[in-house]
């Protein structure tokens with residue numbers, strides 16, 4: 001009887017040990033943080049890392065790469081600014097929807113970000129072409145599972161850059177030779193997710 005009890009105990013321990021070793025590793029889980037807890041350099045986030053601006057519904061959305069943007073505090077709210085030219089397909093979505101997301105990736109996604117910045121969602125399925133996995137956030141907004149940082153923004157102000165307001169007049173001929181001025185979106189940061 002003692003021998004049988006010993007063998008049963010050893011089988012349970014062996015099974016438990018094996019199960020722990022053979023279970024697949026799960027991806028890092030998402031953690032919700034406050035806007036003040038974003039530890040990244042906000043200039044580098046846009047200028048070096050780039051972002052994906054996404055707007056729409058789970059059934060119909062579009063995204064584009066952005067290397068211009070800002071994070072800060074305005075009107076006593078944490079905010080994120082992004083800029084979209086009117087000819088971009090994403091413009092239709094950022095105009096129509098009250099929410100947009102800014103999604104950031106690690107350097108291994110550089111080619112994906114370049115692809116998303118050069119191809120239009122009018123012409124092809126950018127999600128399929130990018131290989132990214134859409135992620136529906138608890139709020140119903142869209143981002144991507146492969147991201148390392150997601151910022152959800154509720155639009156609170158928007159306007160086009162106005163040529164007459166440029167103090168540095170070299171910007172217009174250098175950046176806007178066709179006068180296709182970006183629309184500025186100021187969004188209150190409502191949720192931040194990080195891995």
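In this note's numbering, the protein residues as written are 1 to 195.
Backbone N, C-alpha and C fix where the C-beta goes; we use that ideal spot for every residue, glycine too.
Just so we're clear, the structure is a prediction, and the values are computed from it rather than from any experiment.
Residue range of the beta strand (DSSP E) that includes residue i
i: residue 144; result: 142–144
According to DSSP, residues forming a beta bridge with residue i
i: residue 32; result: 193
i: residue 60; result: 57
i: residue 185; result: 82 and 158
i: residue 101; result: 54 and 152
i: residue 134; result: 144
i: residue 203; result: Because the chain in this structure spans residues 1 to 195, residue 203 falls outside the shown range and cannot be described.
Residue i - containing alpha helix (DSSP H), residue span
i: residue 173; result: 171–175
i: residue 89; result: 89–96
i: residue 129; result: 126–130
i: residue 119; result: First-last for residue 119: undefined, no H or E at that position.
Residues near residue i in its chain [Cβ-Cβ closer than 6 Å; skip 5 each side]
i: residue 120; result: 89
i: residue 35; result: 78, 189 and 192
Same chain, Cβ closer than 7 Å to residue i, five either side skipped, listed in chain order
i: residue 56; result: 62, 93, 97 and 142
i: residue 23; result: Low local confidence applies: a pLDDT of 29 at residue 23 is under 50, so the model's placement there is unreliable, with the coordinate-based value given in what follows. For residue 23, where only same-chain residues beyond five positions count, there are no Cβ hits under 7 Å.
Pairwise C-alpha distance: residue j and residue i
i: residue 105; j: residue 49; result: 7 Å
i: residue 86; j: residue 180; result: 7 Å
i: residue 79; j: residue 150; result: 13 Å
i: residue 157; j: residue 131; result: 33 Å
i: residue 37; j: residue 68; result: 21 Å
i: residue 91; j: residue 171; result: 22 Å
i: residue 166; j: residue 176; result: 12 Å
Local Cβ density within 10 Å of residue i, reported as buried at 16 or more and exposed below that
i: residue 128; result: exposed
i: residue 124; result: exposed
i: residue 174; result: exposed
i: residue 112; result: buried
i: residue 25; result: Confidence in residue 25 is poor, its pLDDT being 33 and thus under 50, which makes the residue's placement too unreliable to answer from.
i: residue 44; result: exposed
i: residue 169; result: exposed
i: residue 144; result: buried
i: residue 47; result: exposed
i: residue 54; result: buried
Distance cut-off 7 Å: residue i Cβ against heavy atoms of the ligand MG
i: residue 139; result: In terms of ligand content, the structure shown is empty, and the ligand MG therefore cannot be addressed.
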